[in-house]
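Okay, structure first, notes after.
Residue numbers (this note's numbering): -3 to 210.
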């Protein structure tokens, strides 16, 4: 089980209590920082990392990676290295729709680690079907970049069929690419809404990807 913690909501003592009580054999955690520089925070992400490192057996910790952020700045792999140094044992990506953004990030991270004599940590790549224009708008608000071609298909055609096909194509491409890189990886499938149509599509996608993973 992965538990996401927006650390800015908690005091350091509250985080310490949770880490001391969490079952390390059952719980993984991903720590998330402030959504914007204007948000009032009670504990910063670097401080949360330091506190986590102070425990002898805290829950294993991961970090979030965003391919779109790497496309804009080219520095997401450096951020991943800093998080790895701070104790992150795995990474979970934002929903992947743009293959080039995702592969560039994975490549830069993998080669950046090896250039420093480090083994890259596992990356869990997230996929999610989009069943409506409203879901597409929500994805855009989250910062997920959907190629214009696919946006047009979602807006004017059968959104679920178009996005499901793209998710499956992305899964095949990313699995092959990670294997070629020698990068440890996993696939996470989500439904971004509580709509039954999208939840059912996510379950179907899990079954198909499980077959691809062999």
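Even glycine gets a Cβ: it sits at the ideal position worked out from N, Cα and C. The structure presented is a predicted model; accordingly, all values stated were derived computationally and were not measured.
Asked                                                                                                       : Found
Where residue -3 sits in the DSSP three-state scheme                                                        : coil
Cβ-based burial, residue -1 [other Cβ within 10 Å; buried from 16]                                          : exposed
Per-residue burial, residue 155 [other beta carbons within 10 Å of its own, 16 or more giving buried]       : buried
Burial state of residue 51, where buried means 16 or more other Cβ atoms lie within 10 Å                    : exposed
Validate contact between the region 103 to 118 and the region 74 to 93 using beta carbons, cut 8 Å, 3 pairs : yes
Cβ-Cβ separation, residue 61 to residue 27 (assumed contact under 8 Å), whole Å                             : With a Cβ gap of about 13 Å, residue 27 and residue 61 do not count as contacting.
Near the ligand COA: residue 118 beta-carbon under 6 Å from a heavy atom                                    : For the ligand COA, the structure offers nothing, since it holds no ligand at all.
Anticipated Cβ contact below 8 Å, residue 64 with residue 149, distance rounded                             : Rounded, the Cβ-Cβ distance is 20 Å, inconsistent with contact.
Spatial distance of residue 83 from residue 49 (CA atoms)                                                   : 7 Å
Residue(s) in a DSSP beta bridge with residue 89                                                            : 61
Any 3 or more C-beta pairs closer than 8 Å across the region 99 to 113 and the region 9 to 18               : no
Inside the region 127 to 197 only - beta strand (DSSP E) runs reaching at least 3 residues                  : 181 to 185
For residue 123, the first and last residue of its enclosing beta strand (DSSP E)                           : 119 to 123
4 or more residues per run - each alpha helix (DSSP H) lying fully within the region 11 to 79               : 41 to 49 and 63 to 69
The region 104 to 113 / the region 157 to 169 touching (three or more Cβ pairs under 8 Å)                   : no
Status (buried if at least 16 other CB within 10 Å, exposed otherwise) for residue 122                      : buried
The alpha helix (DSSP H) enclosing residue 95, as first and last residue numbers                            : 95 to 111
Assigned exposure category for residue 125 - 16 Cβ within 10 Å defines buried                               : buried
Beta-carbon proximity of residue 29 to residue 41, cut-off 7 Å                                              : yes
Under 7 Å between C-beta atoms of residue 23 and residue 54                                                 : no
Pairwise C-alpha distance: residue 127 and residue 194                                                      : 6 Å
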